[in-house]
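Okay, structure first, notes after.
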Amino acid sequence: MSFLHTWFLFTQVRAADPPCSVQGLPNPPQLSKDGDVLIGGIFSIHNKWNQPGQTFTSGPQKGECTSLNLREMKNIQTMVFAIEEINNRTDILPGISLGYKIYDACATVEMTTRASLSLVNGEKNKTSVSCSKTETVQAIIGESSSTPTIAISATVGPLHIPVVSHSASCACLSDRKKYPSFFRTVPSDYFQSRALAKLVKYFGWTWVGALCSTNDYGMNGINEFINAAKKEGICVEYSKTFYKTDPREKILNIVEIIKASTSKVIVAFVAYSDMGVLLKELALQNMTGFQWIGSESWISDLNPANVHWQHVLKGSLGFAIPKAEITGLGEFLTKLNPASDIPIYKELWETIFQCKLSTQENVEMKQLCKSNESLTQVQNLYTDVSDLRLANNVYKAVYAVAYALHSSYGCSKRDSGQGADVCTNLADNQRPWKKIHFSTTAGEDVFFDENGDPAARYDVLNWQQGKDGKTLIVKVGFYDASLQTHRQLSFNNINISWAQNKSELSPGHQEGCAERKGNLLL
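Taking mature numbering (1 follows the signal peptide of the UniProt record, and there is no 0), I'd label the letters of the sequence shown as residues -15 to -1, 1 to 507.
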């Protein structure tokens, strides 16, 4: 069994004449807490970034991030929860407190890169700082998708600052030459793409369509799938890419290709935010009867209760990160109250309860928040802890950093005269490599291979209709890449729901892929 090797570079910055001036617009973190050692976090807390137009006659104006992402709010709160939990333990980093600085990437590479530089530079929300000491973080947790994570790794990689992502699954990030200090707690899509091909072959479907997001996650994933599908004897009739910001004409063109195709099985290596755009058009045209095979990004994250596309995705199958439980997280998420002075928490409150907190400017508004709201009374993406998947990956990422720091600081040693284990300081400019292998509080075994990847394990999910007519997402099987080939994909005794009669979805054939009638490979 191989293990993650990671290192933490502790540097000392020299300066002749402090203080230093912060150039350009300040970039304070959305959440921060002081500590002996800082961990950075970069998440797309908002889904959109409105950048003002540039006149080039004055300095650039600061953009505005909008559309709060409740799922990402749960992720950043999970990071804070894990850090506080570690700080309260005596067996990990005793005598050393962890702090954090968490930035909003606003779903853009530009803001992601800016956050990376702010974490590296130790920027504070001040006009001047002391140059004699930095607040550079010792590791960065993030981002939630592959393209911005590539930007982070490219920015901080030369500085040997570890980046641990909970959700960036692009196989390209396993390249140790390009990203030598990148690690993740989500499996590489190298494994998922091959698993999807095995899933399709398992049910005898040899004639499929393929869709993907126009980004590193989607295009790398679908290319790996197509390569693996060919080896399994599966023919791909068409392959198309799209993105949520594409003009409607392009989305409608994809809908027409699906209509014109002869394949009824569609493999969709698509980000969940992109999938919603396509499903909207499919639902408008009532396009049902297609067997959707989904990647982990959307198969478990799309809201199955959405009446607009509920019928479109009937019978969908796909892989998802295994569910997990984190004791105490639910109570931690709901203990927030409107008295908090942190702007992002105020915004969360106003978003969930659709009201405005009282200020001197809006005291007369009718939609002011009442005093009896409670997060324990609502059920949404933020408060729901029944299906922890990515949040558990955030939790594991924080613990991986903590255990690496624990080893780097020599926390197993006792200082003379001390009655308990304490951590000794690590000398500057050392790069100790340590093996990371630990178990979470729930008993999950966590380790990484030589490429910084964890073991590839997935739940197989199926969209089924319950007795009350509501759509349920049911676990029907499991995939474990660490097992022997014939044992990797397994199913339980639960009946699987199909979009239509399974035998009619994709009839077998003998001739070559390019010779199939109606081939739409693009």
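C-beta atoms are modelled at their ideal positions from N, C-alpha and C, and glycine is treated no differently.
Please read all numbers here as calculations on a predicted model, not as lab measurements.
Burial state of residue i, where buried means 16 or more other Cβ atoms lie within 10 Å
i           : result
residue 488 : exposed
residue 187 : exposed
residue 22  : buried
residue 303 : buried
residue 31  : buried
residue 147 : buried
residue 90  : buried
residue 286 : buried
residue 217 : exposed
residue 391 : buried
residue 292 : exposed
residue 59  : buried
residue 575 : Examination of residue 575 is not possible in this model, given that the chain is present from -15 through 507 alone.
residue 276 : buried
residue 437 : buried
residue 439 : buried
residue 25  : buried
residue 144 : exposed
residue 75  : exposed
residue 42  : exposed
residue 161 : exposed
residue 371 : exposed
residue 249 : buried
residue 245 : exposed
residue 17  : buried
residue 486 : exposed
residue 233 : exposed
residue 357 : exposed
residue 174 : buried
residue 327 : exposed
Residues near residue i by beta carbon distance below 6 Å, same chain, minus five either side
i           : result
residue 254 : 197, 203, 206, 207, 280
residue 498 : 220
residue 284 : 303, 305, 446
residue 183 : 474
residue 339 : none
Cut-off 7 Å between Cβ atoms - residues of its own chain near residue i, not counting five sequence neighbours on either side
i           : result
residue 36  : 48
residue 102 : 140
residue 297 : 264, 267, 268, 272, 273
residue 262 : 229, 236
residue 97  : 27, 90, 128, 133, 136, 137
residue 404 : For residue 404, the predicted structure reports a pLDDT of 46, less than 50, and the residue's modelled location is therefore unreliable. The matter cannot be settled from this model.
residue 402 : Note that residue 402 scores a pLDDT of 48, beneath 50, so its modelled location is shaky; the value from the coordinates is reported in the next line. Closer than 7 Å at the Cβ level, and outside the excluded window around residue 402, lies no residue.
residue 465 : 442, 473
residue 57  : 28, 29, 30, 129
Assumed close pair residue i, residue j - CB separation to whole angstroms, cut-off 8 Å
i           : j           : result
residue 425 : residue 384 : 7 Å
residue 172 : residue 154 : 7 Å
residue 87  : residue 28  : 7 Å
residue 178 : residue 209 : 3 Å
residue 156 : residue 185 : Between residue 185 and residue 156 the Cβ distance is about 19 Å, and since that is not below 8 Å, they are no contact.
residue 62  : residue 329 : That pair is no contact at about 10 Å.
residue 256 : residue 224 : That pair is no contact at about 17 Å.
residue 333 : residue 341 : Contact doesn't hold; Cβ gap of about 13 Å is too wide.
residue 20  : residue 104 : At roughly 14 Å, the Cβ-Cβ gap does not stay under 8 Å, so residue 20 and residue 104 are not in contact.
residue 92  : residue 33  : 7 Å
residue 373 : residue 310 : 7 Å
residue 201 : residue 258 : In fact, because the Cβ distance is near 15 Å, the residues do not count as touching under 8 Å.
residue 251 : residue 278 : 7 Å
residue 165 : residue 189 : Contact doesn't hold; Cβ gap of about 43 Å is too wide.
Close Cβ partners of residue i (< 8 Å) along its chain, the five nearest in sequence each way excluded
i           : result
residue 534 : Residue 534 lies beyond the stretch modelled for the chain, which goes from -15 to 507, so this question has no answer here.
residue 450 : 299, 456, 457, 482
residue 180 : 304, 441, 443, 464, 466, 473, 474
residue 468 : none
Could you give the uninterrupted runs of the alpha helix (DSSP H) lying entirely in the stretch 24 to 87, keeping only those of 4 residues or more? For the stretch 24 to 87, whole alpha helix (DSSP H) runs of length 4 or above, ordered along the chain, are 55 to 72.
May I ask you to verify whether the stretch 196 to 210 touches the stretch 447 to 466, counting CB pairs closer than 8 Å and requiring at least 3? No, the stretch 196 to 210 does not touch the stretch 447 to 466.
Could you check whether the stretch 312 to 323 touches the stretch 356 to 366, counting it as contact only if at least three pairs of C-beta atoms, one from each stretch, sit closer than 8 Å? They touch, by the three-pair rule.
Enumerated in chain order, which unbroken segments of the beta strand (DSSP E) with a length of 3 residues or greater are wholly contained in the stretch 249 to 282? Complete beta strand (DSSP E) runs here, min 3: 250 to 254, 276 to 279.
For the stretch 322 to 335 against the stretch 469 to 482, are there 3 or more C-beta pairs whose distance is under 8 Å? They do not touch, by the three-pair rule.
Any contact of the stretch 67 to 75 with the stretch 371 to 387, i.e. 3+ C-beta pairs under 8 Å? The stretch 67 to 75 vs the stretch 371 to 387: in contact.
Does the structure place the stretch 258 to 277 close enough to the stretch 228 to 242 that three or more beta carbon pairs sit under 8 Å? By the Cβ test, the stretch 228 to 242 is in contact with the stretch 258 to 277, since at least three Cβ pairs between them sit closer than 8 Å.
Counting pairs of beta carbons, one from the stretch 441 to 459 and one from the stretch 292 to 306, are three or more of them closer than 8 Å? Yes, the stretch 441 to 459 is in contact with the stretch 292 to 306.
List, from N- to C-terminal side, the alpha helix (DSSP H) runs of 4 residues or more that fit wholly inside the stretch 195 to 236. Those alpha helix (DSSP H) runs which fall completely within the stretch 195 to 236 and span 4+ residues are 201 to 216.
Could you pull out every unbroken beta strand (DSSP E) segment of at least 3 residues lying fully inside the stretch 110 to 180, listed in chain order? Taken in chain order, the complete beta strand (DSSP E) segments of 3 or more residues contained in the stretch 110 to 180 are 125 to 127, 148 to 150, 167 to 169.
What beta strand (DSSP E) runs, 3 residues minimum, are completely inside the stretch 281 to 337? Within the stretch 281 to 337, the complete beta strand (DSSP E) runs of at least 3 residues are 302 to 305.
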